[in-house]
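Below is one structure, written out as structure tokens; the observations come after it.
Residue numbers (this note's numbering), protein chains in the order written: chain A, 1121 to 1387; chain B, 1121 to 1387.
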């Protein structure tokens, strides 16, 4: 594996994709290519893809679709001209009948001419907007993963895809929470405004200290827990639907596109 | 006093002003002239007016200025061509050295050629936007006044004007609170986004059941108290500054303008 010089090679989406393609980058894309949109990946066989697209369409907050490929094509030109889904993420997860079976560094040996790729907006984009607005985020300060929870809010079912809404939580002081709602409302393509604030038990979270995914994070006195719809929701729906074959990104190992975060703002 | 036929005469801002001018209307303007902007009134002598304008400028959330008259002029053409501040509100409050001394139905006998009128945005406008978005407001359902609180947040002082930020409170379910933040963020001319949510003691409110103005309102399980900057803030600052002469609107008895609420939206 070649070395990946973060200082030199993280400058833009293409540099990160080329580093992933060459094998020089095989880990997290967090913090790479500042300003560029990163996306969650879901790859499904054609006979599951239409239902999944409908699932995304009826659940736009957890599943905001940034791009979809033609069946069999590893390209998504709307996101980057040279993009190759098979090689341009640092690491992948392969699911067979709902079980995680492999975590390869590329999909070259696994690619099939019936696969459809979905790229779904990711919280990295809205976190960049929050950081620029000086809204503090404790999981970034502490260098850990954001805590995520399966809620008692059901997604809208579409065919074989269904399951709970999964949310990420960021503890914020009330004035920062209001500012965060304003900022993320501008970004519907990357989960948009929070889905809940302040009363976790109202959405079925009985113990805020025990997230279902990610790391626990304290909510301190004077703070409210603020919850955003999370890209783990479609992954959980895919796992529950148990298609014979599916691929997602490995956690934190995203597709970096040529889109700019600043260009996503709805107003 | 002539009778005021609400069904016929409440249609627009001009009809309400004419009813107030004639004496047919001498009470609350709540619910009259749907769609038209209503405003708080503050009238001050010229040698206090510049400081008050500065106070408003540095405290735009509680004191969003919709219009200011020329000294001595009872007209504010930006708000309505035919508007006469001396007659067009149903009822006024007169303050001398900070004490409430009279509640006249017009200012004709009190008018002076050094008076400057300020019209300040009012929560009626954003409540109309919330109602249209089907955000429920309990004080409207119960037919009582919104509860208001003096906070421990100081306004920015300007000359002789200073004092605490006064806030109004509406209890909302979290999803409605998020929607309300989005909707009122569009309306900076009428107090804009909330200033606080969820933790009243953080802004010095020790007993939510005991407002300083208005009526108490229960915050039920599953709801958060949401706080907006309130037009009582400038009134409290005027009372504290104790100018020798000042006029405000009587509570609920607003100036109805020809501006449309829908035209206020910033985006």
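Note that the Cβ used here is the ideal one computed from N, Cα and C, for glycine as well.
From a predicted model like this one, the values you see are computed outputs, not experimental measurements.
Beta carbon of residue i nearer than 8 Å to that of residue j
i: residue 1299 (chain B); j: residue 1266 (chain B); result: no
i: residue 1287 (chain B); j: residue 1246 (chain B); result: no
i: residue 1145 (chain B); j: residue 1369 (chain B); result: no
i: residue 1210 (chain B); j: residue 1263 (chain B); result: no
i: residue 1183 (chain A); j: residue 1374 (chain A); result: no
i: residue 1140 (chain A); j: residue 1217 (chain A); result: no
i: residue 1328 (chain A); j: residue 1345 (chain A); result: yes
i: residue 1313 (chain A); j: residue 1301 (chain A); result: yes
i: residue 1192 (chain A); j: residue 1377 (chain A); result: no
i: residue 1067 (chain B); j: residue 1205 (chain B); result: A query on residue 1067 (chain B) cannot be resolved here, the shown segment of chain B reaching from 1121 to 1387 and no further.
i: residue 1281 (chain B); j: residue 1387 (chain A); result: no
i: residue 1292 (chain A); j: residue 1343 (chain A); result: yes
i: residue 1259 (chain B); j: residue 1152 (chain B); result: no
i: residue 1294 (chain A); j: residue 1351 (chain B); result: no
i: residue 1215 (chain A); j: residue 1360 (chain A); result: no
C-alpha distance - residue i paired with residue j, whole-angstrom precision
i: residue 1121 (chain B); j: residue 1277 (chain B); result: Low confidence applies to residue 1121 (chain B): its pLDDT is 43, below 50, so where it sits in the model is not reliable, and the reading given next is rough at best. Cα to Cα, residue 1121 (chain B) sits roughly 42 Å from residue 1277 (chain B).
i: residue 1304 (chain B); j: residue 1349 (chain B); result: 11 Å
i: residue 1202 (chain A); j: residue 1176 (chain A); result: 25 Å
i: residue 1364 (chain B); j: residue 1136 (chain B); result: 31 Å
i: residue 1173 (chain A); j: residue 1239 (chain A); result: 11 Å
i: residue 1127 (chain B); j: residue 1385 (chain B); result: Low per-residue confidence applies at residue 1127 (chain B): pLDDT is 49, beneath 50, and the placement is therefore not dependable enough to give any value.
i: residue 1357 (chain A); j: residue 1316 (chain B); result: 36 Å
i: residue 1163 (chain A); j: residue 1199 (chain A); result: 16 Å
i: residue 1249 (chain A); j: residue 1354 (chain A); result: 23 Å
i: residue 1320 (chain A); j: residue 1271 (chain B); result: 27 Å
i: residue 1223 (chain A); j: residue 1284 (chain B); result: 59 Å
i: residue 1339 (chain A); j: residue 1297 (chain B); result: 20 Å
i: residue 1227 (chain A); j: residue 1212 (chain A); result: 8 Å
i: residue 1244 (chain B); j: residue 1171 (chain B); result: 26 Å
i: residue 1156 (chain B); j: residue 1367 (chain B); result: 23 Å
i: residue 1165 (chain B); j: residue 1237 (chain B); result: 9 Å
i: residue 1331 (chain A); j: residue 1256 (chain B); result: 32 Å
i: residue 1391 (chain B); j: residue 1150 (chain A); result: Nothing can be reported for residue 1391 (chain B), as the shown portion of chain B is limited to 1121 through 1387.
i: residue 1273 (chain A); j: residue 1334 (chain A); result: 19 Å
i: residue 1326 (chain B); j: residue 1229 (chain B); result: 43 Å
i: residue 1372 (chain B); j: residue 1254 (chain A); result: 39 Å
i: residue 1225 (chain A); j: residue 1178 (chain B); result: 56 Å
i: residue 1398 (chain A); j: residue 1131 (chain A); result: Lying before the first or after the last residue shown, residue 1398 (chain A) is absent from chain A, which here runs from 1121 to 1387.
i: residue 1159 (chain A); j: residue 1235 (chain A); result: 18 Å
i: residue 1382 (chain B); j: residue 1381 (chain A); result: 30 Å
i: residue 1154 (chain B); j: residue 1252 (chain B); result: 11 Å
i: residue 1362 (chain A); j: residue 1180 (chain A); result: 22 Å
i: residue 1311 (chain B); j: residue 1189 (chain B); result: 21 Å
Range of the contiguous beta strand (DSSP E) that encloses residue i
i: residue 1319 (chain A); result: No beta strand (DSSP E) holds residue 1319 (chain A); DSSP gives it neither H nor E.
i: residue 1237 (chain A); result: 1235 to 1241
i: residue 1167 (chain B); result: Note, residue 1167 (chain B): premise wrong, no beta strand (DSSP E); alpha helix (DSSP H) at 1166 to 1178.
i: residue 1425 (chain A); result: The question about residue 1425 (chain A) has no answer here: the residues shown for chain A are numbered 1121 through 1387.
i: residue 1330 (chain B); result: Where residue 1330 (chain B) is concerned, there is no enclosing beta strand (DSSP E), given that its DSSP letter is neither H nor E.
i: residue 1274 (chain A); result: 1268 to 1274
i: residue 1214 (chain B); result: 1212 to 1216
i: residue 1349 (chain B); result: 1344 to 1349
i: residue 1367 (chain A); result: 1366 to 1369
i: residue 1339 (chain B); result: Where residue 1339 (chain B) is concerned, there is no enclosing beta strand (DSSP E), given that its DSSP letter is neither H nor E.
i: residue 1378 (chain B); result: 1375 to 1380
Beta-carbon neighbours of residue i, restricted to chain A and to distances below 9 Å
i: residue 1316 (chain B); result: 1294, 1295, 1298
i: residue 1223 (chain B); result: Going along chain A, no residue has its Cβ under 9 Å from residue 1223 (chain B), so there is no contact; the nearest lies around 36 Å.
Per-residue contacts from residue i into chain B (C-beta, under 8 Å)
i: residue 1325 (chain A); result: What residue 1325 (chain A) touches in chain B: nothing, since even the nearest Cβ is about 12 Å away.
Where residue i meets chain B, residues with beta-carbon distance less than 9 Å
i: residue 1344 (chain A); result: 1317, 1318, 1319, 1344
i: residue 1305 (chain A); result: 1298, 1301, 1302, 1305
Under 7 Å by beta carbon: chain B residues contacting residue i
i: residue 1313 (chain A); result: 1298, 1302
i: residue 1322 (chain A); result: 1294, 1342
Element boundaries [alpha helix (DSSP H), containing residue i]
i: residue 1138 (chain B); result: 1133 to 1142
i: residue 1149 (chain B); result: Careful: residue 1149 (chain B) lies outside any alpha helix (DSSP H) and carries neither H nor E.
i: residue 1352 (chain A); result: 1352 to 1361
i: residue 1277 (chain B); result: No alpha helix (DSSP H) contains residue 1277 (chain B), which DSSP labels as neither H nor E.
i: residue 1260 (chain A); result: 1258 to 1261
Contact set between residue i and chain A, taken where Cβ atoms lie within less than 7 Å
i: residue 1387 (chain B); result: 1387
The ligand NAP heavy atom lying under 7 Å from the CB of residue i
i: residue 1279 (chain B); result: Ligands are entirely absent from the displayed structure, and the ligand NAP is therefore not among its contents.
Discussion item. Please give the ranges of any beta strand (DSSP E) in the stretch 1184 to 1210 of chain B, keeping only runs that are unbroken, at least 3 residues long and fully inside the region.
Written reply: Look at the stretch 1184 to 1210 of chain B and you find these whole runs of beta strand (DSSP E), each 3 residues long or longer: 1185 to 1188.
Practice prompt. Scan the stretch 1279 to 1306 of chain A and note each continuous alpha helix (DSSP H) run of 4 residues or more that stays entirely inside, going in chain order.
Written response: 1294 to 1305, all fully within the stretch 1279 to 1306 of chain A.
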